[in-house]
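So for the sequence shown, this note's numbering puts the first residue at 179; every next one is plus one. Built from N, CA and C at the ideal position, the CB exists for glycine as well. Computed from a predicted model, the values in this text were never measured in an experiment. Comments concern the structure below.
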Amino acid sequence: MVITSIDLGSLDEKMELQVSPDDLKVDPEFGLTEGEAKERMEAIGPNELPKKKRNKFMQFLSFFMNPLSYIMELAAILAISVTAIGGNVPDYPDFIGIVFLLVVNATIGFVEETKAGDAVDALMASLSPEAKVKRDGQWKSIDARELVPGDIIAIKLGDIVPADAKVIAGENVKADQSAMTGESLPVSKEKGDLLYSGCVIKMGECEALVVATGPATFFGRAAALVDEGGPSNHFQIILVRIGLFCVGLITIFTIAIIIVMWPVFQYSFNRGINNVLVLLIGGVPIAMPTVLSVTMSVGAHSLAKFKAIVTRITAVEEMAGMDILCSDKTGTLTKNKLEINLDMLISYLKEYTVHDVMVMAARAARTENQDAIDFAIVNQLSDPSEARKDIKEVHFMPFDPISKRTQITYVDEATGKTMRSSKGAPQIIRDICKAEGDFKKEIDQAIDDFAGSGYRALGVCVAEVPEGTRSEELPDCDWTFVGMIPIYDPPRDDSAETIQKALDLGVQVKMITGDQLAIGKETARLLGMGTNMYNAEILSAEKKREVEMTTGQSMAEVLEGCDGVAGVMPEDKYEIVKELIGNGHVVGMTGDGVNDAPALKRANIGVAVADATDAARSAADIVLTESGLSVIITAIIGARKIFQRMKNYALLATATTVRVVVSFSILIFAWKYDQPPFLVLLLALLNDGTIMTISTDRVQPSKVPDQWRLGEIFFVAVTMGLYLTISTLLFFHIVFETDFPQTLGLEAPWLDPESSDFRNPNAFMLHSLVYMQVSISGQALIFSTRSTTFWFMERPSVLLMLAFVTAQLICTFLGVYADFGFTQISGVGWGWAAFVWVYNLCWFLPIDIPKHFAKALLHPEAWLHSRKQHFRGAKRTDPFRRNSISSIGVDAARQRASIESTLTAQHRNSLNITIRELEEKKYR
């Protein structure tokens, strides 16, 4: 049959056809030839929207456009213009140094971000959607981008329609086109109707003729009118808050030194400006946006190596804080490789043997493009070809989530009769067979018996229909229930251990399944999970009120305390996620089907598991390319390591700001000391430049879900910054005010009455000494901020250690040998260098004391408990690398599993609280 015409009036009036109407006259039994498709591809282009590639130059410039960079740019302007007031020579060295620092910082960020982004884009391209198309009379799978107008495509449940296409064959097709038209409910599509590119098939399957691709589609035309944009994400807000804290501190002390320098000390204009530059350059953590962004980008790239592809970069930060994971059962906790127990199969008719029931079920199954159930049924037959042997298929009705069954209409070639066979949810099969009385009770009892043993029941029924029934006719039939098949989806080998690891991580795993409650409980029992599960009916408005009145808890609290929900529909998953998020949880949701997409989109972290549908992938923040829950746990650990690196640097950068701003301000107030701006530039260049290596540092992931506790970070940073400030002020006092250096045989011109630098706080050698002391002790701070216990207990990465050694060797050599007039420094020799290193070492050894002091003030009980555990000899082994399972996590699971069945509803929450407290003690 050739499509001889196309009703253009049924298409969108604004649609501009990419080919002539004659080119859409295609034989649906043959399709286009490869040659024709190639010609059209060359003429029209690929079936994809023009990618709005970010201009590389503008991307590079974006690293200069943030509040912290603006302050540095202001410093550059001050250096080149304000210093020239009064006929003075502009401060070219400082200007060039500031610009160089900005460019180096931006270049590193740009290169690393581009490299990581390109790697993730390449991985996502490998997951690009495919389309099933008929070319040269053969069905084949191709990349959806290769479709052209005139192609015949096959679309099934869960597929995202790859191009605008007209339905030419198919029944009971419903498409969700809410993203395009705003219609809230799926729309029925019949022969001749248009399917929009991007809509999701919610029911049925069909064949369609592609009429428009890429930018010519309805979606493409709409997308061209929409400018990208959106609200700031959580990560950007955090950056702004940290930046505001630093800028606020700099502003306060800048105002203070301005008030003191000119009105009180009567400084010259240029001398005062140089001190302002010192605070601006040294106080601004210029590398922070770059370091944090690069850390996330590099981290996302590393997660891809563990089969987790991040589609939204800031999801890395949110995943680190996830405390509840709602996991789909099938394929995630279980193998999704169904097994059939023929010994338990029930036949309700004497004339139907076990083999006959299996053949009837196989006839109602697909023999190609099979789902897991169809594959198990057909391949259970000794000869899979029996599924279509001696019959002529008239019509096949695929599975959909509403009817919950499949059905075939066929002609039995042996008898000539037109028959139907259907398989599906046993309750549905029971109802269409109109089972009543004892027979209905017998079926229900069998369903419950199967479920109690962990088996999923599949009902099978047959019917005879009037001869000559056409495929589009679906008259009522006199169905006969012929049997029930027990299907078992065994748990994955690693699921039980993985769930215990999740408990160790402080993440609750809740099973969300469409299976019966009994099946869910039995699977949970096998996995070592609690069996405190509810049926999804509690989510209905009526049941909600009943539960809340009975338990005295809100629905969110009930969901918090349970171990899972069974019998869920798509809207139930969305409701579960919504309730938990509304109660303050960071929720992850796994899914693979089209029905999971709304919940994946609503969750804080939507995770599309391996082999997920296009709809699920498009809604997810993270796409897994390997099956099982263990991949998610690996991703959580990876995300927490990334978060830890970001938090470590944020603490370092904030403490450095406090130290530099307060130290140099007090040096001005107390001794009229003027640190040359160029030395502060060297400090920022060497220390901030090399600290980029923190993005790959070896860290211990948190044992509990992470979150940005900015109040704690600022308090600890101020405490550690003031500690280092004291070290600098005491250093200057010892060197400048005492004769201790002379007793060591060190040259000190400022102590020599015969020297021109006698009592000069700005002797060039003093500048070198202060520079070395601030640089070495400042960067060494990273070894404390990166440690959750003590600096000597957590080994840094080789790269970070090399960066520190390299930067401080350069600093030391400059201090020892440099004699540059414009920098106002002179070499101090190796004796002074040794003195500085030993002095800094003495202050570094107890550097964790102020950190723990600050934490003890903020959280005294938690800090005391953690110290007690440590000094009792608690093992410092990384809990995420060990094979053993946390004893408390196991005890909690066993305690719950053994006694929860005897608890009343109102007692369950108290047990959950008890176990949660027990687990929290472990996590602390």
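Counting along the chain, the unbroken alpha helix (DSSP H) around residue 471 starts and ends at 466 to 483. The three-state secondary structure of residue 1017, taken from DSSP, is helix.
For the pair residue 326 and residue 388, the CB atoms are nearer than the 8 Å cut-off.
Per DSSP, the beta-bridge partners of residue 388 are 343. Taking the C-beta atoms as reference points, residue 258 is found no nearer than 8 Å to residue 462. Distances from the alpha-carbon of residue 1013 to those of 854, 676 and 924 put 924 closest. The continuous alpha helix (DSSP H) containing residue 960 extends over residues 960 to 963. Judged by DSSP in its simplified three-state form, residue 622 adopts helix. Residues of the same chain with a CB within less than 8 Å of the CB of residue 906, apart from the 5 flanking positions on each side, are 837, 841, 845, 948, 951, 952 and 955 in chain order. Only residues of its own chain outside the window of five on either side were considered, and among them 890 and 893 have a CB closer than 7 Å to the CB of residue 1036, listed in chain order. Boundaries of the alpha helix (DSSP H) around residue 1027: 1026 to 1036. Per DSSP, reduced to three states, the secondary structure at residue 316 is strand. Per DSSP, reduced to three states, the secondary structure at residue 670 is coil, with no helix or strand assignment.
Secondary structure of residue 588 (DSSP, three-state): strand. Residue range 569 to 575 is occupied by the beta strand (DSSP E) that includes residue 573.
DSSP places residue 853 in no beta strand (DSSP E); its state is neither H nor E. When Cβ pairs closer than 8 Å are counted between the two stretches, the region 784 to 800 is seen not to touch the region 722 to 740, the count staying below three. Using a 10 angstroms sphere on the CB of residue 757, the tally of other CB atoms reaches 16 or more, which defines it as buried. Exclusion of the five residues before and after residue 1002 leaves 854, 942 and 945 as the residues of its chain whose Cβ lies within less than 6 Å of its Cβ.
Rounded to whole angstroms, the Cβ separation of residue 839 and residue 457 is 6 Å, and the two are in contact under 8 Å.
Secondary structure of residue 247 (DSSP, three-state): helix. Its Cα nearest to that of residue 863, the residue 985 stands out among 683, 985 and 887. The DSSP-derived three-state label of residue 713 is strand.
DSSP places residue 700 inside the alpha helix (DSSP H), whose first and last residues are 695 to 704. Scanning its chain for C-beta atoms nearer than 8 Å, with the 5 sequence neighbours on each side dropped, one finds around residue 897 the residues 1028, 1029, 1031 and 1032, in chain order. Boundaries of the alpha helix (DSSP H) around residue 455: 447 to 461.
Here residue 824 is buried. Its C-beta has 16 or more other C-beta atoms within 10 Å. Distance from the Cα of residue 206 is smallest, within the candidate group 961, 595, 331 and 741, for 331. Between residue 392 and residue 224, the C-beta spacing is below 8 Å. Rounded to whole angstroms, the gap between the alpha carbons of residue 320 and residue 548 is 18 Å. The C-beta distance from residue 820 to residue 474 rounds to 6 Å, short enough to meet the 8 Å contact threshold. Relative to residue 662, the option among 627, 680, 293 and 688 whose CA is nearest is 627. 8 Å or more divides the Cβ of residue 272 from the Cβ of residue 481. In the three-state reduction of the DSSP assignment, residue 523 falls in the coil class.
DSSP, reduced to helix, strand and coil, places residue 513 outside both helices and strands of the structure shown, so it counts as coil. Your pair residue 247 and residue 464 checks out as a contact, with CB atoms roughly 7 Å apart and the cut at 8 Å.
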